[in-house]
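Going by the numbering used here, the first residue of the sequence shown is number 1237, and it counts up by one from there.
Think of the CB as a built atom: it goes at the ideal place given N, C-alpha and C, for glycine as much as any other residue.
Since the model is a prediction, treat every value here as computed from it, not as a measurement.
Okay, structure first, notes after.
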Amino acid sequence: MIDQINHIGIVVTDIEKVVEQFCKSLGKPVVPVKSVPEAKKKVALIPFENCSIELIEDNNEENNMRGSAPGEHALIHHFSFTSEDIAGDMAELEKNGCTPLAEKPRTGLRGRQILFYKDSALGIPIELSD
1237 MIDQINHIGI VVTDIEKVVE QFCKSLGKPV VPVKSVPEAK KKVALIPFEN CSIELIEDNN
1297 EENNMRGSAP GEHALIHHFS FTSEDIAGDM AELEKNGCTP LAEKPRTGLR GRQILFYKDS
1357 ALGIPIELSD
């Protein structure tokens, strides 16, 4: 059963600047920016009590996922939902018209099994995470 938002991924153009300002605005300590060279991305996770915000600087030209400049609107990259039964929820998402973007789950940045889906309702990818 999908019962909780794990995090919301937001694409930005200058992650270091955005992380510093966003954390300052929220009164949070500045979080580290991690490089993911194989995906040509940089990410930073800002934790909250029941959900996190994942900032993403995507430098992969093939993805065409560009964020906006600081001070402008950012682009929501994906919503991540936690699942207690990832296999069952995968089947349910597919039954309900969502298309998986890979054949099987993979290990994500936090060591969890994840799989992305294309959602026709919002047009924003859904990440299912165990």
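At 3 residues or longer, and completely inside the stretch 1266-1351: list those beta strand (DSSP E) runs for me, N to C. 1270-1272, 1277-1283, 1288-1294 and 1311-1319
By the DSSP assignment, the beta strand (DSSP E) with Val1247 in it spans what residues?
Ile1238 to Val1247
Q) From which residue to which residue does the beta strand (DSSP E) around Ile1362 run? A) For Ile1362, the enclosing beta strand (DSSP E) starts and ends at Ile1362 to Ser1365.
Notebook entry, point to check: According to DSSP, is Lys1354 helix, strand or coil?
Noted result: strand
Assuming contact is defined by CB atoms lying nearer than 8 Å, are Ile1244 and Leu1311 in contact in what I supplied?
Leu1311 is positioned such that its CB atom lies no closer than 8 Å to that of Ile1244.
To the nearest angstrom, report how far apart Glu1320 and Asp1366 are at their CA atoms. 6 Å
Can you tell me whether Glu1290 is buried or exposed? The criterion is at least 16 other CB atoms within 10 Å of its CB, across all chains shown.
buried
Could you tell me the alpha carbon to alpha carbon distance between Asp1239 and Glu1297, rounded to whole angstroms?
34 Å
| message | Are the CB atoms of Val1255 and Val1272 within a distance shorter than 8 Å? | response | Result no, Cβ atoms of Val1272 and Val1255 do not sit closer than 8 Å.
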